[in-house]
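Worksheet for the structure shown next.
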Amino acid sequence: MSKQVEKPEWARIAEAFEASGQTQREFALARGVRLSTLQSWVYRRRRAATARAEPVRLLPVQVATAPETSESVLEVVAASGARVRFAVGTDVAYVARLVAALGR
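Structure below.
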């Protein structure tokens, strides 16, 4: 593009690229924009979309006494009522992602 393009216009161009189905190189050539500038604005758009993702919700928990068993299994009950049982030592981040996915 021969004239300077403003930020809102670049946001629209990046959005048009995402919907185009073209490669960044093809889109830049077809629109007459610099590839590096397009890449920068596509990156910014994707990063902003990630930042707008739904925040993690903290849910109330109830601590119960340990059952009278030698089994080393823990259980999480999601707000929806779904129960997830997992062995002691399971990756906590994995369990958190699983419970969050069940809550959607």
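Position in the sequence shown (first residue = 1) + 190 = the numbering used here. Using N, Cα and C, we set each Cβ at its ideal position, and we do this for glycine too.
In this chain, the beta strand (DSSP E) harbouring A277 covers R273 to A277. Uninterrupted alpha helix (DSSP H) stretches at least 4 residues long and entirely within the stretch 200–238 occur at 214–221, given in chain order. Inclusion of V285 and V263 in the CB contact set at 8 Å is not warranted, their separation being larger than that value. Cβ-Cβ distances below 8 Å link Q212 to A220 in the same chain, with the five nearest sequence neighbours on each side left out; the list follows chain order. Sorting V282, A201 and G279 by C-alpha distance to the C-alpha of R237 places A201 at the top. Pairing S226 with F217 gives a Cβ-Cβ distance that is not under 8 Å. The three-state secondary structure of L248, taken from DSSP, is coil.
Secondary structure of V289 (DSSP, three-state): helix. Taking the CA atoms as reference points, L288 sits about 42 Å from V223.
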